[in-house]
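Top to bottom, those sequences are chains A and B.
So for the first sequence, my numbering puts the first residue at 1; every next one is plus one.
So for the second sequence, my numbering puts the first residue at 340; every next one is plus one.
Even for Gly, the Cβ is constructed at its ideal location relative to N, Cα and C.
To start, the structure itself, in structure tokens.
Number of protein chains: 2
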Amino acid sequence: MTTSAVHTPRGPVTRKDVARYAGVSTAVVSYVVNGGPKKVAPATEAKVQEAIRILGYRPNAAARALKMGSNQTLGLVIPDSSNPFWALLGHAVEVAAAERGYALLLTNSDNNLDSERRHIRNLADRQVDGVVLASVMFEPDLLELFGTEIRSVLLNHASVAPGFNSVGVDLEAGARLAVEHLIGHGHTNIGLAMGITADNEADGREEGWRRALEAAGLPVGPLARGGFDRPGGYAAGQRLLAADNRPTAIFASSDMQAIGLLRAIREAGLSVPDDIAVASFDGSIEAEYSWPALTTVEQPVWEMAEAAVSALVGENRNEPPQHRVFPTQLRIRQSCGCP
Amino acid sequence: MTTSAVHTPRGPVTRKDVARYAGVSTAVVSYVVNGGPKKVAPATEAKVQEAIRILGYRPNAAARALKMGSNQTLGLVIPDSSNPFWALLGHAVEVAAAERGYALLLTNSDNNLDSERRHIRNLADRQVDGVVLASVMFEPDLLELFGTEIRSVLLNHASVAPGFNSVGVDLEAGARLAVEHLIGHGHTNIGLAMGITADNEADGREEGWRRALEAAGLPVGPLARGGFDRPGGYAAGQRLLAADNRPTAIFASSDMQAIGLLRAIREAGLSVPDDIAVASFDGSIEAEYSWPALTTVEQPVWEMAEAAVSALVGENRNEPPQHRVFPTQLRIRQSCGCP
DNA sequence: GCTTTTTGTTGACTCGAGTAGATCCCGGTG
DNA sequence: CACCGGGATCTACTCGAGTCAACAAAAAGC
Numbered sequence: 001m002t003t004s005a006v007h008t009p010r011g012p013v014t015r016k017d018v019a020r021y022a023g024v025s026t027a028v029v030s031y032v033v034n035g036g037p038k039k040v041a042p043a044t045e046a047k048v049q050e051a052i053r054i055l056g057y058r059p060n061a062a063a064r065a066l067k068m069g070s071n072q073t074l075g076l077v078i079p080d081s082s083n084p085f086w087a088l089l090g091h092a093v094e095v096a097a098a099e100r101g102y103a104l105l106l107t108n109s110d111n112n113l114d115s116e117r118r119h120i121r122n123l124a125d126r127q128v129d130g131v132v133l134a135s136v137m138f139e140p141d142l143l144e145l146f147g148t149e150i151r152s153v154l155l156n157h158a159s160v161a162p163g164f165n166s167v168g169v170d171l172e173a174g175a176r177l178a179v180e181h182l183i184g185h186g187h188t189n190i191g192l193a194m195g196i197t198a199d200n201e202a203d204g205r206e207e208g209w210r211r212a213l214e215a216a217g218l219p220v221g222p223l224a225r226g227g228f229d230r231p232g233g234y235a236a237g238q239r240l241l242a243a244d245n246r247p248t249a250i251f252a253s254s255d256m257q258a259i260g261l262l263r264a265i266r267e268a269g270l271s272v273p274d275d276i277a278v279a280s281f282d283g284s285i286e287a288e289y290s291w292p293a294l295t296t297v298e299q300p301v302w303e304m305a306e307a308a309v310s311a312l313v314g315e316n317r318n319e320p321p322q323h324r325v326f327p328t329q330l331r332i333r334q335s336c337g338c339p
Numbered sequence: 340m341t342t343s344a345v346h347t348p349r350g351p352v353t354r355k356d357v358a359r360y361a362g363v364s365t366a367v368v369s370y371v372v373n374g375g376p377k378k379v380a381p382a383t384e385a386k387v388q389e390a391i392r393i394l395g396y397r398p399n400a401a402a403r404a405l406k407m408g409s410n411q412t413l414g415l416v417i418p419d420s421s422n423p424f425w426a427l428l429g430h431a432v433e434v435a436a437a438e439r440g441y442a443l444l445l446t447n448s449d450n451n452l453d454s455e456r457r458h459i460r461n462l463a464d465r466q467v468d469g470v471v472l473a474s475v476m477f478e479p480d481l482l483e484l485f486g487t488e489i490r491s492v493l494l495n496h497a498s499v500a501p502g503f504n505s506v507g508v509d510l511e512a513g514a515r516l517a518v519e520h521l522i523g524h525g526h527t528n529i530g531l532a533m534g535i536t537a538d539n540e541a542d543g544r545e546e547g548w549r550r551a552l553e554a555a556g557l558p559v560g561p562l563a564r565g566g567f568d569r570p571g572g573y574a575a576g577q578r579l580l581a582a583d584n585r586p587t588a589i590f591a592s593s594d595m596q597a598i599g600l601l602r603a604i605r606e607a608g609l610s611v612p613d614d615i616a617v618a619s620f621d622g623s624i625e626a627e628y629s630w631p632a633l634t635t636v637e638q639p640v641w642e643m644a645e646a647a648v649s650a651l652v653g654e655n656r657n658e659p660p661q662h663r664v665f666p667t668q669l670r671i672r673q674s675c676g677c678p
């Protein structure tokens, strides 16, 4: 044991070490670190700041979280973070959260309900301040899962669930935009490559496709279902091409699907848009760089992420659940037949 | 006030509530929840389990983290989680972490050094048990940033940094595989679309391209630098096409770059692989679905993520820093000229 | 010069869970 | 019958930070 007054502590530096070094109480250190709730004399503050600097003190987030009941963290549950659309959404949510000082716990449900439930439980245990849930499915027992303690937002969800905040786009209107555009190119036999939604309830995109055709007095074209991903679109495409009344245009319910679809069309020796025109939904970056570039219905992903995060942590977080529906925009490229 | 003995507590349920309900001490509740370190009589255990079930008790992770000094969380810092390659890596890391009971805090550095530093600091403050850092750049002051308290792994990093765990692939060998394959198709003028690395030190991929050409006695073809992303590849492609000695084959340092490159080539009215053959690096899913499908050097992303996570939380986590280099594999598709 | 008020600082309690050490109770032994 | 072993349980302290009531010291008021 030396007799020196102060020596660098070995383990992580705590508030106590700083207090000792600066010759003040631990309370003052807190006041300095948080800028309140009590005032500190300028001279004392300087001493404390110096001590913090010298010792390299960083407050322990776990302790703070315990005391405050919040660890400034949000949870995000998405089906597959390597799918470009979800990846983009994840990125946007991360940025929106970071802007507000929140970190993001990312989890993949792999389109698996059990896995999704486990993740939600886990997030709840970790005392996240809110959960952004992007699920292709919807289960009524979600309400119990979340209990009433934990805030949540359903993102990109088709149906409006009572008791939940939700943020989505007008799927039907978006689909109509695309299909109407294809009709404008003179197509009369327009197929649909539709993703699979667990509840098997007609998705707004399917509805929009039907309505647009009806409104134009056209017959309903062939429909094929498959996953929302590339392989799903590829498989759906093969079936559409094999149909008796092969469509001359196809609307795909996601960009990824459209990319799989393009592949199926190429493999059949046909060309896009000359033999078959294509339009899709989402507006991801892949659509811009595919060949031909995809005409797609763009979702305002960044705004949606903003809205989702602000519903969780904004000052209006104690109001009754909100349902925000964003408009979509048709981004015209070449796959539809436009030059 | 009713006179009933027990009523559901309003706020979150704590260990104390469970103890009261089950008529035991709080210690016993802990023993039951954690299965130790002391034994509990079967009858008592049943009572406690029942109480937990009825009250819906979930232990507070923040409190546990405070006491245990770990919150079973890892941090991941990547340049851009909406870039498919990083997204895939992120997904793989998330899965590897989840398998071990760890959650993943995702952050985007946006290729920005300051932002990267901020995120690392932030993760450290949050007492993550380790950080997976995927950075295109490398800065020597990283060591200080991490201090000695926090474990870290450099993922997908070119240079081997002393004092750090790292996991990567043999970039040079991979690049040679691809370039040698292009040479095998008879090309004698092979260009390079190279990504930009901050330290401006020759990346292994550039080196591999040079070496393969030298070994075959061929002249070094034109080189263009641009971002590793699609726009970067597009820009690099335009420059390569405008070069005096326009190459008949191009090796791109990432799949995303190659996709931008394909676009530039198409816009110039040329075709792949007839006019210009292309091969790239990464092995992401986009490569499989692009047109034409990209011949690419595949990185074993899942194994790499496994290795990275296990270096952080495995039982060998206290050994000296390891540097693991994985082999790559050439995935042959059509963009190189193969049928 | 002696109250008031203001300003600055501190000790002590709190959050919820982990766990060592003390205590209690029971059957078995000398 | 006093004693001991040992299993089951409880008490009490700990982790690190936020914050309030209490207090000391300095400033202002009369």
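Span of the alpha helix (DSSP H) around residue i
| i | result |
| --- | --- |
| Ser369(B) | Thr365 to Asn373 |
| Asn393(A) | There is no way to answer for residue 393(A), as the model of chain A reaches only from 1 to 339. |
| Thr44(A) | Pro42 to Leu55 |
| Ser115(A) | Leu113 to Asp125 |
| Ala603(B) | Asp594 to Glu606 |
| Asp613(B) | Per DSSP, Asp613(B) belongs to no alpha helix (DSSP H) and is neither H nor E. |
| Val128(A) | Segment: none, Val128(A) is in no alpha helix (DSSP H) and carries neither H nor E. |
| Gly513(B) | Leu510 to Gly523 |
| Leu294(A) | Counting along the chain, Leu294(A) falls outside any alpha helix (DSSP H), and DSSP gives it neither H nor E. |
| Arg564(B) | Taken as a continuous stretch (DSSP letters only), Arg564(B) belongs to no alpha helix (DSSP H), being part of the beta strand (DSSP E) at Leu562 to Gly565. |
| Ala242(A) | Arg230 to Ala242 |
| Arg20(A) | Arg15 to Ala22 |
Proximity to residue i [Cα-Cα], best of the options
| i | options | result |
| --- | --- | --- |
| Ala575(B) | Lys386(B), Gly534(B), Glu545(B) and Ala555(B) | Gly534(B) |
| Pro320(A) | Thr328(A), Phe164(A) and Val132(A) | Phe164(A) |
| Asp282(A) | Pro219(A), Gln238(A) and Pro327(A) | Pro327(A) |
| Arg176(A) | Glu298(A), Trp302(A) and His323(A) | Glu298(A) |
| Glu511(B) | Gly543(B), Ser629(B) and Gly676(B) | Gly543(B) |
| Arg263(A) | Thr188(A), Gly208(A), Trp291(A) and Leu55(A) | Trp291(A) |
| Asn108(A) | Ala380(B), Asp509(B), Ala431(B) and Thr446(B) | Ala431(B) |
| Ala245(A) | Ile276(A), Gly36(A) and Gly233(A) | This sequence places Asn at residue 245(A); Ala is not what is there. Among Ile276(A), Gly36(A) and Gly233(A), the Cα nearest to that of Asn245(A) belongs to Ile276(A). |
| Thr393(B) | Ala361(B), Glu625(B), Val470(B) and Val648(B) | At residue 393(B) the sequence reads Ile, which differs from the Thr that was named. Considering only alpha carbons, the answer is Ala361(B). |
| Val169(A) | Thr188(A), Val301(A), Asp17(A) and Leu223(A) | Val301(A) |
| Gln329(A) | Val309(A), Thr295(A) and Gly130(A) | Thr295(A) |
| Val325(A) | Pro273(A), Gly174(A) and Ser82(A) | Gly174(A) |
| Asp331(B) | Phe590(B), Ser474(B), Val416(B) and Gly408(B) | With chain B covering only 340 through 678, there is no way to say anything about residue 331(B). |
Distance cut-off 7 Å: residue i Cβ against heavy atoms of the ligand MG
| i | result |
| --- | --- |
| Ser505(B) | Looking for the ligand MG in the displayed structure turns up nothing, as the structure carries no ligands at all. |
Enclosing beta strand (DSSP E) for residue i [first to last residue]
| i | result |
| --- | --- |
| Ala216(A) | Counting along the chain, Ala216(A) falls outside any beta strand (DSSP E), and DSSP gives it neither H nor E. |
| Gln668(B) | Gln668 to Arg670 |
| Gly622(B) | Gly622(B) -> no beta strand (DSSP E), and no H or E assigned at all. |
| Leu531(B) | Ile529 to Gly534 |
| Val325(A) | His323 to Phe326 |
| Ala249(A) | Ala249 to Ala252 |
| Ala647(B) | Premise fails: Ala647(B) lies in the alpha helix (DSSP H), Val640 to Val652, not in any beta strand (DSSP E). |
| Ala103(A) | Ala103 to Asn108 |
(message) So, does the region 212-229 of chain A touch the region 247-259 of chain A, judging by three or more C-beta pairs under 8 Å?
(response) yes
(message) Please identify, using Cβ separations under 8 Å, the residues of the region 360-382 of chain B that lie next to chain A, in order along the chain.
(response) none
(request) For the region 596-626 of chain B, enumerate the residues whose C-beta is nearer than 8 Å to any C-beta of chain A, in chain order. (result) Ile598, Gly599, Leu601, Arg602, Arg605, Ile624 and Glu625
(request) Scan the region 656-673 of chain B for residues whose Cβ lies nearer than 7 Å to a Cβ of chain A and list them as they occur along the chain. (result) none
(message) Please identify, using Cβ separations under 8 Å, the residues of the region 52-63 of chain A that lie next to chain B, in order along the chain.
(response) Gly56, Arg58, Pro59, Asn60, Ala61, Ala62 and Ala63
(request) With 9 Å as the limit, tell me which residues of the region 80-97 of chain A have their beta carbon closer than that to any beta carbon of chain B; keep them in chain order. (result) Asp80, Ser81, Ser82, Asn83, Pro84, Trp86, Ala87, Leu88, Leu89, Gly90, His91, Ala92, Glu94 and Val95
(message) So if I threshold CB-CB distances at 9 Å, which residues from the region 575-591 of chain B count as touching chain A?
(response) none
(message) Please give me, in chain order, every unbroken run of the alpha helix (DSSP H) with length at least 4 that falls completely inside the region 397-430 of chain B.
(response) 400-407
(message) If contact is defined by three or more beta carbon pairs under 8 Å, each pair taking one atom from either stretch, is the region 380-387 of chain B in contact with the region 402-422 of chain B?
(response) no
(request) Answer yes if the region 454-465 of chain B comes into contact with the region 116-132 of chain A, meaning at least three C-beta pairs across the two stretches below 8 Å, and no otherwise. (result) no
(message) Residues of the region 119-133 of chain A in Cβ contact with chain B at a cutoff of 9 Å, in chain order, please.
(response) His119, Arg121, Asn122, Leu123, Ala124, Asp125, Arg126 and Gln127
(request) Take every Cβ of the region 25-41 of chain A, pair it with every Cβ of the region 65-85 of chain A, and state whether three or more of those distances are shorter than 8 Å. (result) no
(message) Does the structure place the region 669-676 of chain B close enough to the region 516-531 of chain B that three or more beta carbon pairs sit under 8 Å?
(response) yes
(message) Using a Cβ-Cβ cutoff of 7 Å, what residues of the region 627-638 of chain B are near chain A? List them in chain order.
(response) Tyr628 and Trp630
(request) Could you name the residues of the region 100-115 of chain A whose beta carbon sits closer than 8 Å to any beta carbon of chain B, in the order they occur along the chain? (result) Ala103, Leu104, Leu105, Leu106, Thr107 and Asn108
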